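Chains as they are written, first to last, in full-length UniProt numbering: chain A, 1 to 223; chain B, 1 to 223; chain C, 1 to 223; chain D, 1 to 223. For every residue, glycine included, the Cβ atom is placed at its ideal position computed from N, Cα and C. Fair warning: this is a prediction, and the values are worked out from it, not measured in the lab.
4 protein chains.
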Amino acid sequence: MSYGATFPLWREAAGDAWHDYTRHAFVEGLRDGTLPRAAYLRYLVQDYLFLVHFSRAWALAVTKAETLDEMRACAATVHALLNDEMRLHVATCAAEGIPEADLFAAREAPQNIAYTRYVLDAGHSGDFLDLMAALAPCVLGYGEIGTRLASAADRTPYADWIETYAGADYQKTCDEVGALIDGAITRRLGTTPRDSPRWPRLCARFETATRLEVDFWGMGLRG
Amino acid sequence: MSYGATFPLWREAAGDAWHDYTRHAFVEGLRDGTLPRAAYLRYLVQDYLFLVHFSRAWALAVTKAETLDEMRACAATVHALLNDEMRLHVATCAAEGIPEADLFAAREAPQNIAYTRYVLDAGHSGDFLDLMAALAPCVLGYGEIGTRLASAADRTPYADWIETYAGADYQKTCDEVGALIDGAITRRLGTTPRDSPRWPRLCARFETATRLEVDFWGMGLRG
Amino acid sequence: MSYGATFPLWREAAGDAWHDYTRHAFVEGLRDGTLPRAAYLRYLVQDYLFLVHFSRAWALAVTKAETLDEMRACAATVHALLNDEMRLHVATCAAEGIPEADLFAAREAPQNIAYTRYVLDAGHSGDFLDLMAALAPCVLGYGEIGTRLASAADRTPYADWIETYAGADYQKTCDEVGALIDGAITRRLGTTPRDSPRWPRLCARFETATRLEVDFWGMGLRG
Amino acid sequence: MSYGATFPLWREAAGDAWHDYTRHAFVEGLRDGTLPRAAYLRYLVQDYLFLVHFSRAWALAVTKAETLDEMRACAATVHALLNDEMRLHVATCAAEGIPEADLFAAREAPQNIAYTRYVLDAGHSGDFLDLMAALAPCVLGYGEIGTRLASAADRTPYADWIETYAGADYQKTCDEVGALIDGAITRRLGTTPRDSPRWPRLCARFETATRLEVDFWGMGLRG
């Protein structure tokens, strides 16, 4: 699960926060099936809204890209989020009697607002790299979690969640996003990005977004 | 060619500017085949760059949408621009020995900068409607021009250009964008939008973008 | 404390949230002096960071204004925030041995991120009015709280906080912001803004920002 | 007229464009008094509108700053533009019977749209440095032109224009902006910024903005 050269560096720089995110009790509850259904649904409704704003953030990345490849990669991610990834949420919630219109109209939890708007502001206040550093923990962390859970999961009612993120489609997205980030880094910071004065700030953005992921799981677990 | 209810109103409010744009000498040169090849290629290179920034503006619209339908319609347009519409430009230029990388790296004409950045700023400074009013003249005007030329064209070496914009795919995009705009207007201004204090300003945006289209044709014609 | 015609309407539409914000236990602790010093300092450090991002949001408003008066009013608010309002925070913290550089470098609480980035996104995703509706609860709510506490306060170590917001300078800012909002509303929605389809959404923005204020006090109180 | 360390490097990289801008026939007409009054007034009306959007761009810089010093420097520039620099335009036009409201409502020339919206988009698409590179030619170029003309001017009816930009207030602004840029460069690119992969792109932004200045003078001269 390296997803390129940059992600492992940012992940390591995030220290405990990365562990707190990817080994969160919510995640373990998905793995061993102990996660209460109500917590899962609460999470799923909020995560649907999260994907709406996350799509907006990837669309913002299209406006901040410098190459056609960057533009196309980001536009493809917008498409994947709005059309594919949301499908799990819509289908699962529909099976529980929650129509998509209710998902879209649900009230956002503060932890959701904090995370999504932080990512958007990373883009508006900085450049493409600032945005990528804020987008990476969710995209690539879910890929990492999905892969681990696919091999470590007990019998769990959340197998479809795990399959969504462990599946080939999502893993391909992760590889592409990892490559996108590596290319964007080289293009703007050169081949020794850790020597750039911007490096600590990019690591800090990744870490802050990671901490906001931890809060998001917590919201799912405890409401 | 009404493309919905709003477009005809904006078009009428634009007065002569609309005629100057859609009946420009460049357009007539496409129709009757008298447009010099050099002018066409100059236009095509600039229009490629235009599409890059126009895609960015539609991506910005994704970030400013209020409904999932608006988001999906705008994301689909980004996709159509980046993947389909550019194909004519890339293929034609390739046949002339101009690779896509050269298109992307070409120097933007001032008329190109003026138009594309005006549209982007309409979005950044205003809301979704401001952006739509600035995007509409290009999308829908090309649909109108394409349709007219498809029925009125002489034998012309520019039949592929005409077919691109008269074709069912592009016309479908125009219908969808017209419906998107109508829905966005009703949602924000109600059912009598001309009574809104914002109406004159939206008409002014449409007209300014139309005038910048006229300048763009002029740049193609005269360099 | 009406601060114009629009604010009372938005305040009323916010229902309980307005009461929860302006009568929060943190506020009552300022009034009667029972607020623990540690809570006050925690709040003050976070509020300093809040003002940094709030200044950014008012600067964003300059970029979204439609008239010179709107531009100047917003620019004056940026100036007041960056130079005057921060002075209380800097002086109080300095007296506690916390230099301004430490304030600027402090880690933002999630409640702070949620609130400030929500306001900025209101501006980026919408127009000037969307931004004003998200900015209003803080500016005008503090004016209302300051005025009430100035007349109702017991002996309290927080008299300087109360005086900052009850004082003539801050109250003048509130009057000006109220007038700015009223003018902006009339300009864009006309003289019966409650009939506009946008009205409920503007009320919802105001209410969401108000709820994020409640969370902000809670963060101050409990960490 | 070095205005810091970065400006001379960008100016040199701009090659002929810098000369075309700072030695433009319009400038020489200001110097020797041969500039037709009608051209000057046309320029002044457009330059007023330019300052409106230039203020917006400096306000955008406040939203993209990383330090309090950067924020304050940019906010001070917004203030200087909106309150001081516009005064020359307002006073001169008032003496010609053109009230400020007419200036604000004038139709923007395409060259004006191109330049101002290019600068704003530099900020939106990039980071603080991209914005600075696009803002620099106007601010610092006018300082350079003003200084040269103050020592080289013949008797000219445009002495007040020259004095505005040669004067101590404006020159102080130039020194501060130069220092702001130097600090921003070091903070983000380190002490050898020319080794950064971003350097050529920043130079290109500066050069493009410089070319748009040339077009702006041309618009003043020829309409």
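For residue 60/C, the C-beta contacts it makes with chain D under 7 Å involve 63, in order along the chain. The Cβ-Cβ distance between residue 120/A and residue 215/C does not fall below 8 Å.
Secondary structure at residue 35/B: coil, using DSSP grouped into helix, strand and coil. The beta carbon of residue 75/A sits closer than 8 Å to some beta carbon of chain B. Among the residues of the segment 114 to 126 of chain C, those with a Cβ less than 8 Å away from any Cβ of chain B are 124, 125, 126, in the order of the chain. Per DSSP, residue 82/A is not a residue of any alpha helix (DSSP H), being assigned neither H nor E.
One finds nothing in chain C with a Cβ atom closer than 7 Å to the Cβ of residue 54/D; even the nearest lies about 11 Å away. If you compare the alpha carbons of 117/C, 202/C, 188/C with that of residue 9/C, the shortest gap goes to 202/C. Listed along the chain, the chain A residues whose CB falls inside 8 Å of the CB of residue 137/C amount to none; the nearest CB is some 14 Å away. Residues of the segment 84 to 113 of chain A with a C-beta atom less than 9 Å from some C-beta of chain C are 107, 108, 110, 111, 112, 113, listed in chain order. With 16 or more other CB atoms across the displayed protein chains lying within 10 angstroms of its CB, residue 112/B is buried. Taking the Cβ atoms as the reference, residue 78/D lies roughly 11 Å from residue 71/D, outside the contact range of under 8 Å.
Take the alpha-carbon of residue 148/A and the one of residue 223/C: they are about 34 Å apart. Against chain C, the CB of residue 193/B has no partner CB under 8 Å away; the residue lies outside that interface. Here residue 2/D is actually not in contact with residue 190/A; their C-beta atoms are around 28 Å apart, not less than 8 Å. With distances taken between CA atoms, residue 157/C lies nearest to 34/C out of 34/C, 12/C, 4/C.
At least one CB atom of chain A sits nearer than 8 Å to the CB of residue 212/C. Boundaries cannot be given for residue 24/A, as no alpha helix (DSSP H) includes it and DSSP labels it neither H nor E.
Boundaries of the alpha helix (DSSP H) harbouring residue 110/B: 110 to 125, taken from the DSSP string.
Interface with chain A (8 Å Cβ-Cβ cutoff): residue 196/D is included.
With respect to residue 128/C, residue 176/C sits apart: the two C-beta atoms are not nearer than 8 Å. Flagged as an interface residue toward chain B: residue 190/C, by a C-beta distance shorter than 8 Å. Note on residue 55/A: 16 or more other CB atoms within 10 angstroms of its CB, so buried under the neighbour-count rule. For the pair residue 168/D and residue 150/D, the Cα-to-Cα distance works out to about 12 Å.
Residue 105/C and residue 107/B have their alpha carbons spaced roughly 42 Å apart.
Within the same chain, Cβ atoms closer than 8 Å to the Cβ of residue 208/B are found at 118, 134, the five residues on either side in sequence being excluded. Within the same chain, 18 come within 6 Å of residue 11/D by CB-CB distance, once the 5 residues on both sides are set aside. Between residue 49/C and the set 114/C, 73/C, 20/C, 95/C, the nearest pair of CA atoms involves 114/C. Going by DSSP, residue 181/D is part of the alpha helix (DSSP H) stretching over 168 to 189. Check the Cα spacing between residue 132/A and each of 96/A, 81/A, 154/A, 185/A: the tightest is with 185/A. For a cut-off of 8 Å, the C-beta gap from residue 221/D to residue 26/D is around 5 Å, short enough to register as a contact. Annotation for residue 215/C: the continuous alpha helix (DSSP H) segment containing it runs 199 to 222. For residue 14/C, no alpha helix (DSSP H) segment is defined, and its DSSP state is neither H nor E. With respect to chain B, the C-beta atom of residue 187/A has no partner C-beta closer than 8 Å. Using a Cβ-Cβ cut-off of 8 Å, residue 45/B does not count as an interface residue toward chain A, since no Cβ of chain A sits closer than that to its own. For residue 130/C, not one C-beta of chain A is nearer than 8 Å to its own C-beta.
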